[in-house]
Amino acid sequence: MRIITTRRISQTFFFLLFLWFCAVSTLGEQVWQLRGWPVGWLLELDPLVGLGTLLATGTLYAGLLWGLLTVVLTIFLGRVFCGWICPFGALHQAVGWLAGRKRSAAVQIAANRYRPAQRIKYVILIFLLSGAAGDFLAWLLDLSVESSIAVAGIAAASLACGIAAVRVRKAFWRRWTTVLVLLIIGWVGLGFLTDGSRLLAASLQTGLLDPLPLFYRSVNLTLLPLLDGRMAAFSSPGRLYPGSVAIGLLFWTVVLLNLVIPRFYCRFICPLGALLEILGRNALYRMGQKPDGCTACGACDRHCEGACDPSTTLRSAECVLCMNCLDRCPHDVMGYGLHPSAAGEMAGPDLSKREFTAALVSGVAAVPLLRLSGGVDANWNPAVIRPPGALDEANFLRRCIKCGQCMRVCPTNVIHPAGLQAGIEGIWTPVLNFRVGTSGCQRGCIACGQLCPTAAIRPIPLDERLGRGEFADRGPIRIGTAFVDRGRCLPWAMDRPCIVCQENCPVSPKAIFTREEFRPVRLSGDLRLREMVEDRLLFDGPALPAERFATGDYFVTLEESPDIAPVRIKDIGSGGISLAENPFVETASPGARITVRVKLQLPFVDPSACIGCGICEHECPVKGRRAIRVSAENASRDRQHRLLL
Amino acid sequence: MSETAMDRREFIRRCTRAGVCVAAAGSLGVAFYDSRAPAAIPGPTAALTLPDYSVGPLPGRICIARGVDRKRLVRQAFAALGGMQAFVNPGERVLLKVNAAFASPPGLGATTHPDLVKAVVRLCLEAGAKKVTVTDNPINDPASCFALSGIDAAARQAGADVIVPRQSLFQRFSLTGGRLVRDWPVLAAPLLQADRIIGLAPVKDHHRSGASMTLKNWYGLLGGRRNIFHQDVHTLIAELAVMIRPTVVVLDGTQSMITNGPTGGSLSDLKPTGTLIVSTDPVAADAAGAALLGKQAQDLPFIARAEKAGAGTTDYRALNLKEIKAI
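Dropping the structure here:
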């Protein structure tokens with residue numbers, strides 16, 4: 062079998078596996094549903110997810126250890142992940158091939174030649190990783206300068222080095238001692254400067270461009286919801302994801318860029334590719350030419366996926382191991398082995414010191430700049446409601462890779478990608494929006510945390526969510542608190558009975574309770590008692606349409622009998638108002654003023670019982686802007702949200 | 006042949022490098038591997054303990070001094086209790102916890118009066134204190150509060166340092182047996198750098214707690230969103246009374262804010278009540294001070310709760326009570 066056939070089978074396998082994982086991320090026990098499918102495995106295999114969270118949190122969470130496999134493979138074999146495994150890479154390769162297959166050899170060779178701009182992906186990688194490394198840097202710089210002994214020691218050491226630098230004859234050693242002194246001074250100086258300041262902060266943003274989170278997110282949130290229909294039911298119908306247009310735009314842009322240059326994303330943008338390039342720079346096995354036989358026919362360059370110039374000095378780090386050169390070479394010159402290429406090879410693009418520093422410093426500086434908005438501090442946005450089990454905001458932003466797995470698996474479709482409400486850092490992180498979806502956040506559901514590959518949403522047991530068993534003393538997990546908007550609520554503002562919210566409140570005892578009130582109804586004129594016949598009141602005044610007032614919610618009081626509780630209207634007809642009973646017989650006399658009252662149950666929220674599930678908000682019949690809305694107050698995940706004692 | 010030899014050397018070099026890389030990546034991965042998800046709310050648990058600043062097991066002493074001039078009143082009241090040297094030993098560091106809650110001029114009585122601050126700082130220095138520090142975590146902007154209340158200038162003139170609170174001065178603290186003060190930020194740095202604490206509080210009306218006096222003054226040592234404790238203010242004040250065991254407190258009732266407290270804002274909110282209380286027992290001081298607001302100790306639930314919590318006694322007359330008239 063040809064090697065590229067093997068490669069194509071591998072790519073197809075992983076591509077289909079990826080699609081399968083996306084498709085089965087639907088709660089259920091059928092084979093085509095979630096059951097136990099390891100739907101995040103490809104994300105875990107992505108070492109950029111592991112490295113990013115490791116830098117941001119100092120831990121490598123559970124399944125992310127799989128990334129090591131990719132790392133080891135890359136060190137030995139080169140970028141086998143890019144060419145053989147990555148489903149996003151397979152998509153690019155396929156689209157690029159489709160777009161270019163009819164082009165002339167010269168055009169294809171031109172499209173596949175190496176371009177210096179391919180080093181941009183390094184800039185992106187370094188920028189994103191340094192943004193995640195703020196806390197790591199803070200740890201490096203935290204030398205407890207309060208301790209005067211440490212400061213004195215450092216000062217003495219650098220002084221000694223400084224003297225040595227001046228004394229030492231050899232230019233080489235003089236240079237290095239000078240560098241050492243400058244490093245120590247810089248370290249101490251930065252340590253002082255950053256101590257207790259806002260100069261360093263960590264935020265994981267690799268997910269914006271990391272190919273696997275990007276692909277998962279795009280398919281989960283912009284493709285499957287479109288395909289979801291009668292023929293292919295991927296999930297509960299009618300999934301909506303506000304703001305997914307930006308996700309789709311990014312996806313289609315990078316896909317369509319293959320029409321200009323094949324594997325555009327892989328060559329210029331992909332930060333994972335850049336990481337694997339660095340790891341695979343000195344791979345044991347690599348592509349290369351054998352010493353004799355090359356006629357410079359260009360067959361290899363024409364089909365090169367990595368744009369690594371196989372016909373001349375091969376840029377081995379750019380090579381994605383598509384093996385097209387090996388397959389296409391008519392003279393059997395190309396080989397994959399331990400020997401360096403006979404025509405010469407070099408590792409691949411290198412950033413200049415200046416480019417490297419610029420990317421690093423801007424990455425480190427960007428996060429503190431973003432944090433000045435106060436989004437994780439005093440200015441936290443109460444509209445940002447995170448899924449149950451989500452970490453506090455600062456730690457959440459250290460882990461979330463915006464892969465959209467939680468949004469996809471959420472059975473009620475209430476988890477959505479954030480736009481700017483969680484700040485620029487929070488773009489495409491999960492937020493709950495109860496206007497959309499089939500219900501609020503189901504009390505008995507813990508799916509999102511089980512799928513989160515980085516534990517930005519912790520995988521909580523059901524007992525923890527419900528606050529029972531060993532979690533009984535902490536109470537249930539609250540994601541927010543419902544607030545009644547009395548200006549919009551039907552009973553509160555418009556004298557209409559409703560309390561759908563109370564009825565749907567799922568906690569027991571209910572967090573929404575009501576207080577009863579009999580409010581006088583607005584009529585066009587006074588009602589006066591003309592005569593009383595048993596339980597019927599004949600009256601003068603405007604007509605009372607039975608379909609409105611004889612519904613069981615309307616009651617009557619008489620001005621002359623203030624002590625008698627309102628009596629329910631049983632019916633209204635030509636015979637006047639029929640009452641359920643008539644306690645007014647004794648006291649009322651003709652001419653007495655009749656007041657029609659509506660019995661209202663006014664909703665209140667008990668914040669100690671409310672878990673913020675948003676079912677009330679979802680069900681509220683005031684559909685535009687709900688009359689009861691959840692806000693992140695009292696959410697258990699963050700101390701700053703605390704509302705009650 | 007030479008080419009093959011070089012290849013072999015090159016091969017060994019590459020193998021070594023690959024091996025080292027794999028070992029490094031592997032050990033990093035394994036070293037930082039974390040099979041468990043992070044805790045719900047991370048962060049260090051409160052390990053801070055606060056010392057007891059009181060003067061020891063002697064029975065409580067209290068002096069109620071009548072007069073109008075704060076400087077004389079406080080000097081003579083301390084003199085009646087054995088002088089400042091009975092409370093501050095030479096070489097000790099003293100922290101004065103003032104009430105600087107509001108950015109309000111001293112004449113309006115919403116904050117500890119600068120004359121009182123100045124007098125107490127001098128008394129401490131005369132008693133041989135090595136260092137006197139003045140602090141509070143105000144409600145309004147801290148710098149403005151210290152400046153406009155006149156406390157900053159008065160303290161510095163008299164030779165004390167003023168600590169304006171910053172984030173880094175707070176530490177999380179849990180009160181043993183406390184229900185409210187749990188894992189809560191406390192203005193720890195000045196507390197830990199002091200051997201003695203003297204509370205200086207004005208007498209003020211307070212709509213929620215009934216009165217703001219020496220016990221309520223400790224509220225200003227809390228950080229964070231402390232006003233959520235207003236939901237159960239009496240319990241909180243009682244917990245504060247257990248949390249801070251001061252050396253001595255000074256309750257300034259020369260003028261008392263009778264209405265619109267605790268901010269006041271008008272001279273008409275003040276009433277001359279001509280009393281200054283110095284006490285080793287803040288519960289007794291507040292119990293005695295309640296009368297200045299026309300109230301009784303039992304009208305103020307936090308006093309009874311603080312007493313029940315063992316922070317002092319309501320029956321200030323049972324203490325070693327001195328009543329003087331300042332000359």
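From first to last, the protein sequence lines are chains A and B.
Residue numbers for the first sequence, in the numbering used here: 62 to 706.
Residue numbers for the second sequence, in the numbering used here: 6 to 332.
Ideal placement from N, C-alpha and C gives every residue a C-beta, glycine not left out.
Just so we're clear, the structure is a prediction, and the values are computed from it rather than from any experiment.
CB of residue i within 9 Å of CB of residue j, strictly
i: Phe233/A; j: Phe276/A; result: no
i: Leu273/A; j: Leu159/A; result: no
i: Ile462/A; j: Ala516/A; result: no
i: Gly89/A; j: Leu95/A; result: yes
i: Ile146/A; j: Phe75/A; result: yes
i: Arg180/A; j: Leu452/A; result: no
i: Ser284/B; j: Arg66/B; result: yes
i: Gly367/A; j: Arg324/A; result: yes
i: Ala483/A; j: Val428/A; result: no
i: Asp556/A; j: Arg686/A; result: no
i: Lys313/B; j: Gly266/B; result: no
i: Asn281/A; j: Cys506/A; result: no
Below-9 Å beta-carbon distance, residue i vs any chain B residue
i: Ser697/A; result: yes
i: Phe74/A; result: no
i: Leu706/A; result: yes
i: Asn173/A; result: no
i: Asn343/A; result: yes
i: Arg703/A; result: yes
i: Ala123/A; result: yes
i: Arg529/A; result: no
i: Pro520/A; result: yes
i: Gly257/A; result: yes
For residue i, three-class secondary structure by DSSP
i: Trp758/A; result: This structure does not reach residue 758/A, given that chain A is present from 62 up to 706, and the question cannot be answered.
i: Glu722/A; result: Outside the modelled stretch of chain A, which goes from 62 to 706, sits residue 722/A, for which no answer is possible.
i: Glu8/B; result: Here Glu8/B scores only 42 on pLDDT, less than 50, and its place in the model should not be relied on; the value that follows carries that caveat. The answer is helix: DSSP assigns Glu8/B an H, G or I state.
i: Leu100/B; result: strand
i: Met218/B; result: coil
i: Cys467/A; result: helix
i: Lys330/B; result: strand
i: Tyr326/A; result: helix
i: Thr259/B; result: strand
i: His211/B; result: strand
i: Glu595/A; result: coil
Expected contact under 8 Å - CB spacing of residue i and residue j to nearest Å
i: Gln266/A; j: Glu406/A; result: At roughly 33 Å, the Cβ-Cβ gap does not stay under 8 Å, so Gln266/A and Glu406/A are not in contact.
i: Gly204/B; j: Pro143/B; result: About 15 Å separates the two Cβ atoms, so there is no contact after all.
i: Arg549/A; j: Ala688/A; result: 4 Å
i: Gly435/A; j: Thr473/A; result: So it is not a contact: roughly 31 Å between Cβ atoms.
i: Gly409/A; j: Ser372/A; result: At roughly 16 Å, the Cβ-Cβ gap does not stay under 8 Å, so Gly409/A and Ser372/A are not in contact.
i: Thr280/B; j: Leu297/B; result: 6 Å
i: Lys660/A; j: Pro558/A; result: 7 Å
i: Val475/A; j: Leu512/A; result: Not really, about 15 Å apart at Cβ, beyond 8 Å.
i: Ile246/A; j: Thr283/A; result: Their Cβ separation, rounded to whole angstroms, is 51 Å, which puts Ile246/A and Thr283/A out of contact at 8 Å.
i: Val381/A; j: Gly157/A; result: About 12 Å separates the two Cβ atoms, so there is no contact after all.
Interface flag, residue i vs chain A, CB-CB below 9 Å
i: Tyr224/B; result: no
i: Asp12/B; result: yes
i: Tyr321/B; result: no
i: Val35/B; result: yes
i: Glu244/B; result: no
i: Pro43/B; result: yes
i: Leu196/B; result: no
i: Ala83/B; result: First, the amino acid is wrong: residue 83/B is Phe here, not Ala. It does not: the Cβ of Phe83/B has no partner Cβ on chain A nearer than 9 Å.
i: Glu97/B; result: no
i: Ala314/B; result: no
Beta carbon proximity, residue i to chain C, threshold 9 Å
i: Gly229/B; result: Although the question refers to chain C, the structure presented lacks it and instead comprises the protein chains A and B.
With contact counted as at least three CB pairs below 8 Å, one residue from each stretch, are the segment 132-141 of chain A and the segment 331-342 of chain A in contact?
The segment 132-141 of chain A, when compared against the segment 331-342 of chain A, does touch it at the 8 Å Cβ threshold.
When you compare the segment 663-681 of chain A with the segment 544-560 of chain A, are there three or more beta-carbon pairs, one atom per stretch, that lie closer than 8 Å?
When C-beta atoms of the segment 663-681 of chain A are compared with those of the segment 544-560 of chain A, three or more pairs fall below 8 Å, so the two segments count as touching.
Counting beta carbon pairs with one atom in the segment 526-542 of chain A and one in the segment 629-641 of chain A, are three or more of them shorter than 8 Å?
The segment 629-641 of chain A and the segment 526-542 of chain A do not touch, with fewer than 3 CB-CB distances between them shorter than 8 Å.
Check whether the segment 119-129 of chain B and the segment 75-82 of chain B are in contact - that is, three or more C-beta pairs closer than 8 Å.
These segments touch.
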